[in-house]
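Working notes, beginning with the structure itself.
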Amino acid sequence: DVKVTQSSRYLVKRTGEKVFLECVQDMDHENMFWYRQDPGLGLRLIYFSYDVKMKEKGDIPEGYSVSREKKERFSLILESASTNQTSMYLCASSLQGIGTEAFFGQGTRLTVV
Amino acid sequence: KNQVEQSPQSLIILEGKNCTLQCNYTVSPFSNLRWYKQDTGRGPVSLTIMTFSENTKSNGRYTATLDADTKQSSLHITASQLSDSASYICVVSNQGDYKLSFGAGTTVTVRA
């Protein structure tokens, strides 16, 4: 069974802290994505990666960075968390190619206080 | 700019009744359209995929339609069950781009 696992379901962090969100997939997918989901706005792409050590900015990369040292793992880093980064974060992976099905993790609800 | 608009934003239906959700998009050139179901506190899960040449596709009690000329899609839920309570998200991909365009979703609440 296909699986994308995010390291935490819920996180509470303080303003200014460095935050790491981890995502692991077991499907040998080339593509991995990080989205944030806010009410009324839908999912917005933060970063994606199409290969190990490769990354591209999405629509809202400001305040975030990513790391992909291994094919199965894609990390999202908030260098200095701010309250406007309070959100649901979703990781996804998909096979190489255009329009292939994206498989999502269960999400991490991050609250920055 | 590629956009996906969904309507209604939310709806409440009685168990056993049918409902239809709408999705309009401006994504071009079009590759495919998927409907995802997202249960509360979970990640989205794909229900159906529609390509340019397909008009209708069913997955159990879910039936999706696509009109590529008018750039509209619908998702019809037949004989709704309590477990259908979820957010339904329309996702469109375009050719030559890894990025997906997401609608804001329609929240469906099924009441007994």
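One line per chain: the protein sequences are B and L, in this order.
Residue 51 in the working numbering sits at position 51 of the first sequence, with consecutive numbering throughout.
Residue 1032 in the working numbering sits at position 32 of the second sequence, with consecutive numbering throughout.
Glycine included, C-beta positions come from ideal geometry on N, C-alpha and C.
Let me see if you follow: with CB-CB separation under 8 Å, is Q106(B) close to chain L or not? yes
Host beta strand (DSSP E) of F1052(L) (start-end): Premise fails: F1052(L) is in no beta strand (DSSP E) and is neither H nor E.
Kindly indicate the opening and closing residues of the beta strand (DSSP E) around N1094(L). A1086 to N1094
Any chain L beta carbon closer than 8 Å to L110(B): no
Does A1104(L) get closer than 8 Å to chain B when you measure Cβ to Cβ? Yes, its Cβ sits closer than 8 Å to a Cβ of chain B.
Mind checking who T1056(L) pairs with in its DSSP beta bridge? T1065(L)
CB-CB under 8 Å to E187(B), same chain, minus the five flanking residues each way: which ones, in chain order? Summary: the structure shown does not reach residue 187(B), with chain B confined to residues 1 through 113, and so no result is reported for it.
Can you list, in chain order, the residues of its chain with a C-beta nearer than 6 Å to that of S1007(L)? Leave out the 5 residues immediately preceding and following it. Q1022
Inspect the beta-carbon positions of S87(B) and Q37(B) and report whether they are closer than 8 Å. yes
7 Å Cβ cut-off: residues of chain B touching P1044(L): Simply F104.
What is the C-beta distance between I1077(L) and Y1036(L), in whole angstroms, given that I count them as a contact (C-beta under 8 Å)? 14 Å between Cβ atoms; not a contact.
If you follow the beta strand (DSSP E) that G42(B) is part of, which residue opens it and which one closes it? G42 to S49
Along chain B, in chain order, which residues have C-beta atoms closer than 8 Å to that of G1096(L)? Here the neighbours are I98.
Whether G1105(L) touches G42(B) by CB criterion (8 Å): yes
Straight-line gap, T1063(L) to V1110(L) (C-alpha atoms, nearest Å): 17 Å
So, does the CB of E30(B) fall closer than 8 Å to a CB anywhere in chain L? no
In three-state terms, what does DSSP make of Q25(B)? strand
List the residues of chain B that L1066(L) touches, going by C-beta distances under 9 Å, in chain order. Simply none; closest approach about 14 Å.
Once DSSP output is grouped into helix, strand and coil, what is the label at N1032(L)? strand
Would you mind working out which of L1082(L), D1084(L), D1097(L) and S1101(L) sits nearest V1091(L), comparing C-alpha positions? S1101(L)
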